[in-house]
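Some notes on the structure that comes next.
Numbering (the numbering used here), first residue to last: 1 to 396.
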């Protein structure tokens, strides 16, 4: 798929001209284009006066994200995300990103994640209490709202630890609830969210002035050091990383849990087997990472939900120098889109791709497909640094 182009040909071109990802019907259009044009095609985007290439084959995905990743930067839409998150690890590039990745990687090691089991379990208990109260009153549970609130509480407590109550007891309520309450991610939301940075800055200053020890992500970020200079993060860096963790740590897991609940509601047999596995493991009063890893079928259910409904369904990259994808030349400065939603349902690599079948992630079936046919948290050096935390949170 990625051999040098033997002729200066172009991939199939969509008749429609539109900016993929910026319209409500983008996914519907891409489904139709993939079915008709195949693994690679290009779309002319009038607003930019250039072509966007769309790829679906695992070999090309591997080339963009892994084999030739140094030839690609984050693509279209990055400027809008930077308004929301600043120059955190999700939006940075080059040497800055390498520095951030090195400093933050230890925060997500297995031994650290196990320390947050109590945080997740306590949040789950409070969620169950809310549900029981609703049931006693005969009221319905809005799972979308509940999962959003639950995951936001977990990520905030993981970042701010014991300071969360003081931070959230503001006039008018918890200021961070804007993340869960507002569904739009427009500029108005971005500026409102960024206004919360002053609260984070105040906490950073208070911690620097104090001598208390904390076990939370903010403390770990403040303790992180550059491997060459030994310098800590500056205040702006700390704030941007905190804001990135809040958004990324909340939205990915909330979306994944929402779709998992939906799929289980449509497949009672799968739900019954899931409950049986969890009930068998419920003798452990406070489950930890090892207990979660032993929930084999639960893992398969979560993976299958993320296959069908990946939280970030569309990845974007931009070429630095010319490349070859699918046997076609791709010019420098070209936006390349990787629709994970379609990759995860590629009929050549997935048997009955529209079906919800968790067993496809059993060990005996893993070898039936290419490695890069499934990657809900992306892949390569820029894969999601919080993947293990998100999966751990979903399992618990």
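Here a beta-carbon is modelled for each residue, glycine too, at the ideal position from N, C-alpha and C.
Just curious, the beta strand (DSSP E) that residue 42 is in, first and last residue?
-> 40–45
C-beta atoms of residue 161 and residue 109 nearer than 7 Å = no
Going by CA-CA distance only, name the one from 137, 115, 146 and 117 that's closest to residue 128.
-> For residue 128, the nearest C-alpha among the options comes from 146.
Do you know how far the Cα of residue 106 is from the Cα of residue 47?
-> 42 Å
Comparing the CB of residue 276 with every heavy atom of the ligand SAH, is any distance shorter than 6 Å?
-> This structure simply doesn't include the ligand SAH, nor any ligand for that matter.
Would you kindly report the start and end of the unbroken alpha helix (DSSP H) that includes residue 257?
-> Residue 257 -> alpha helix (DSSP H) spans 235–266.
Can you tell me whether residue 63 is buried or exposed, with buried defined as 16 or more other CB within 10 angstroms of its CB?
-> The residue in question, residue 63, is buried, as its Cβ has 16 or more Cβ neighbours within 10 Å.
Among residues of its own chain, excluding the 5 on either side of residue 323, which ones have a beta-carbon nearer than 7 Å to its beta-carbon?
-> 68, 71 and 330
Return the bridge partner residues of residue 197 from the DSSP annotation.
-> Looking at the DSSP assignment, residue 197 forms no beta bridge with any residue, so it has no partner.
In chain order, which alpha helix (DSSP H) runs of at least 4 residues are fully inside the region 71–128?
-> 78–85, 94–104 and 110–113
Where are the alpha helix (DSSP H) runs, 4 residues long or more, that stay fully inside the region 304–373, in chain order?
-> 340–343 and 363–366
contact_flag[the region 252–262, the region 380–395] where n(CB pairs < 8 Å) is 3 or more | yes
Nonlocal neighbours in the same chain, by C-beta distance under 6 Å from residue 157, ignoring five residues either side | Here the set comprises 119 and 164.
Buried or exposed: which applies to residue 74, given that a residue is buried once 16 or more other Cβ atoms fall within 10 Å of its Cβ?
-> So residue 74 ends up on the buried side.
Helix, strand or coil at residue 26 according to DSSP, with G and I counted as helix | helix
Look at the Cβ atom of residue 225, then the Cβ atom of residue 102, and state whether they are nearer than 7 Å.
-> no
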